[in-house]
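Notes follow once the structure below has been shown.
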Amino acid sequence: MQQDYLEISGLTVSFDGFVAVDGVDLSVLPGDLRFLIGPNGAGKTTLIDAVSGLVPATGSVRYGGHELTGRKVHRIARLGVGRTFQTATVFEELTVLQNLDIAAGHRRGPLTLARRRKGVPAEVEQALETVGLTELVDAPAGVLAHGQKQWLEIGMLLVQDARLLMLDEPVAGMSAEEKDETGRLLQRIGADRTVVVVEHDMDFMRSFASSVTVLHAGKVLAEGSVREVQADPRVQEVYLGPGHHSQAEVETVLGEVS
Amino acid sequence: MTKRWAVPAAFAVAAVLLFAVAPLALSPFRLDQLGRYLCFAIVAVGIGLAWGRGGMLTLGQGVFFGIGAYLMAMHLKLADAGADGTPDFMALISSDGVPWWWEPFRSEVVTLLAILLLPAAVAAVLGLATFRRKVRGAYFAILSQALAAAFAILLIGNPTGTGGSTGLSGFRGFFGFALSDPANRLVLFCTTAGVLLVMLALVRQLMVSRYGELLVACRDAEERVRFLGYDPANVKTVAFVIAAFMAGIAGALFVPIVGIVSPNDVGIVPSIGMLIGVAIGGRTTLFGPALGAIAVAWAGSTLSEQFPSGWTYAQGLLFMLVIAFLPGGLASLAWRRTRASAPAPSAQPVPAPSGGN
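Those protein sequences? They're chains S and X, same order as listed. Here the first sequence stands for residues 1 to 258, numbered as in my numbering. Here the second sequence stands for residues 1001 to 1357, numbered as in my numbering.
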């Protein structure tokens, strides 16, 4: 358990000479609900792409005592690293149950795979309850509402037994109630897991983040509690432009300072 | 209740039709023809799994069909020639005797094992090599098609080994039974029908299994599957191997039924022909591919008896029409009708098509 933290050091990702992530150092401990914020193009999504193995990177990403860089996507996933995408990606032609069952199954042997599923596996049942989709268990994932798809994806991470969850804009396009619901869900599941959330929604961040890392132009600009990064003049400069800003201006863009 | 019995009932009807009605109603000549169609249906069942459920557009099933067919043909030629004898066509064009790579297939056991294992092994190597490199979609289709072309060229270029462009023909016996005896031909037909039903049952099991769901997931969102800890290359290779296994067996049964195998049965055109029936019948369903393949093969024989050159065009046109206007095949029509006639769905939406009907 003590090993279950994410430690990124000197992580660099470049595409044809363009450096998207530039020597990022970052540590996230279990129980933390870490938000990654930053203006468009700051390298937030690229950072979690690199951690999950989707894009090649230099530097080091260690999780649970394993070096992740250089490993294939499915090998990283098997080490307990799960992620979602900006646009919910579920298997639309399969039911909610089938989606979750597949997510639970990468350890299954050929004999189990060749047989029909009998009943609902315990971990799937639990995840259904956690994300609140129990009543939709037999619905095709394609007919779910936008928010429900995101919750299904989070449920898939749970049955997958991911210990490190990286969520890419989980509340984009959600209603206020759905956002609240999602935030509480993240707090519940984040209690004993390591959760990293990429988000643009400042109000959502302010309500639910336990710590925040601000990225800008591929580098870490600031890190700390919500209040600390809101008060940081460099963060204000990136979001509002250079010069001094009034309290009201800051609150408009970075959310109300509590 | 009706749904639960639909598939077993369909199997029962198919068994009655194949084992009782067809042998009684058809002349020996027509029964042989139907046997040939059933061979294509066996290939189609495999394509249905790989293409319909797995999304792999296999344009080169002729290769695996051909491997099975040529293995069987080689064994039959050797058996006809007697112990240590040289097959007639070889003695005609060369005095070198039987090539070393023919020798193992004097044995019935070796031949049968090779028919079961060799196409599957070739598919496993090809599948892993291509899917690991993330070759898919049209690139995979072109690759498999090129393979069929290469295989046909290889056969044509090797007249002493494989009979060249005329292929291998003139088989007299089949594992000790005379192929001229109608009773033996009836047994051969029933064997083919039995194999078809077993293959359908196998694919049915795979479709309702967890593997079947995983395969559909790989078809629809391969990258997402990766992030769940699976290597989609392995999942897809399994389906590809099973399809090749079925094609190999179909090829082996084709040889004694039809009495000849040549490069014309394994190249690009026949490989595409094997696919058309699957598309028309409904590639994602259980029975669609087999029924489509039988229908297309039957239409092909019937029409080409009357209009020898017209059939190829009709076949191409049919394929285009189905792909353009009925991507789910004819099976989707039946499916739509059952949906329309079903009682109005409540809040629960209708489940996606996940099996045969």
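Just so it is clear, CB atoms sit at the ideal spot from N, CA and C, and this is done for glycine as well.
Item: For Arg83(S): DSSP bridge partner residues; Value: Met166(S)
Item: Val1016(X) to Leu185(S) span [Cα, whole Å]; Value: 56 Å
Item: Test: Ile189(S) CB closer than 9 Å to a CB of chain X; Value: no
Item: CB-CB length for Trp1298(X) against Tyr1037(X), believed under 8 Å; Value: 6 Å
Item: Residues of the stretch 1209 to 1233 of chain X with Cβ closer than 7 Å to any Cβ of chain A, in chain order; Value: The chain inventory of the structure shown lacks chain A, comprising the protein chains S and X.
Item: Beta carbon proximity, Leu1321(X) to chain S, threshold 9 Å; Value: no
Item: As assigned by DSSP and simplified to three states, the class of Gly1288(X); Value: helix
Item: Partner residues on chain X for Asp101(S), Cβ-Cβ distance less than 8 Å; Value: Arg1210, Glu1213
Item: Residue-level contact to chain X via CB, Phe91(S), 9 Å cutoff; Value: yes
Item: Any chain X beta carbon closer than 9 Å to Ser246(S); Value: no
Item: Chain X contact residues for Thr346(S), given Cβ-Cβ distances below 7 Å; Value: Only positions 1 to 258 of chain S appear in this structure, which leaves residue 346(S) out of reach.
Item: Straight-line Cα distance separating Val1043(X) from Ile189(S); Value: 48 Å
Item: Cross-chain neighbours of Arg146(S) in chain X, by beta carbon under 9 Å; Value: It should be noted that the sequence gives His, not Arg, for residue 146(S). Going along chain X, no residue has its Cβ under 9 Å from His146(S), so there is no contact; the nearest lies around 16 Å.
Item: Within chain X, the residues that Arg71(S) reaches when beta carbons sit closer than 9 Å; Value: Under the 9 Å cutoff, chain X gives no residues; its nearest Cβ is about 12 Å from Arg71(S).
Item: Any C-beta of chain X under 9 Å from that of Gly105(S); Value: yes
Item: Beta-carbon gap between Ile48(S) and Ser27(S) smaller than 9 Å; Value: no
Item: Inter-residue Cα distance where the pair is Val1208(X) and Pro1023(X); Value: 32 Å
Item: Residues that DSSP places opposite Leu36(S) in a beta bridge; Value: Val198(S), Thr213(S)
Item: Exposure label - Trp1100(X); buried when at least 16 CB within 10 Å; Value: exposed
Item: Against chain X: residues of the stretch 150 to 164 of chain S by CB proximity under 8 Å; Value: Met156, Gln160
Item: CA nearest to the CA of Arg1210(X), picked from Arg117(S), Tyr63(S), Ile76(S), Thr89(S); Value: Arg117(S)
Item: Phe1040(X) to Leu1228(X) span [Cα, whole Å]; Value: 37 Å
Item: The stretch 1251 to 1260 of chain X contacting the stretch 1025 to 1037 of chain X, beta-carbon criterion three pairs below 8 Å; Value: yes
Item: Beta-ladder partner(s) of Thr134(S), from DSSP; Value: Partner(s): none; Thr134(S) has no beta bridge.
Item: Any C-beta of chain X under 9 Å from that of Gln98(S); Value: yes
Item: CB of Thr1058(X) within 9 Å of CB of Phe1189(X), strictly; Value: no
Item: Distance between Thr213(S) and Ala20(S) (C-alpha atoms, nearest Å); Value: 16 Å
Item: Status (buried if at least 16 other CB within 10 Å, exposed otherwise) for Gln247(S); Value: exposed
Item: Near the ligand NAP: Val171(S) beta-carbon under 8 Å from a heavy atom; Value: What this structure holds is no ligand at all, so the ligand NAP is not there to describe.
Item: Cβ-based neighbour list, Met202(S), same chain, cut-off 8 Å, excluding 5 preceding and 5 following; Value: Ile37, Val253, Leu254, Gly255
Item: Contact the stretch 1046 to 1053 of chain X vs the stretch 1268 to 1279 of chain X: 3+ CB pairs below 8 Å; Value: yes
Item: Ala222(S): contacting residues in chain X (beta-carbon distance under 7 Å); Value: Within chain X, no residue comes near Ala222(S); the closest Cβ sits about 30 Å away, beyond 7 Å.
Item: Selected residue, minimal CA-CA separation from Phe15(S), among Gly119(S), Pro56(S), Ala222(S), Leu29(S); Value: Pro56(S)
Item: Euclidean distance between Cα positions of Gly80(S) and Glu1213(X); Value: 22 Å
Item: Below-9 Å beta-carbon distance, Arg184(S) vs any chain X residue; Value: no
Item: Under 9 Å between C-beta atoms of Gly82(S) and Leu164(S); Value: yes
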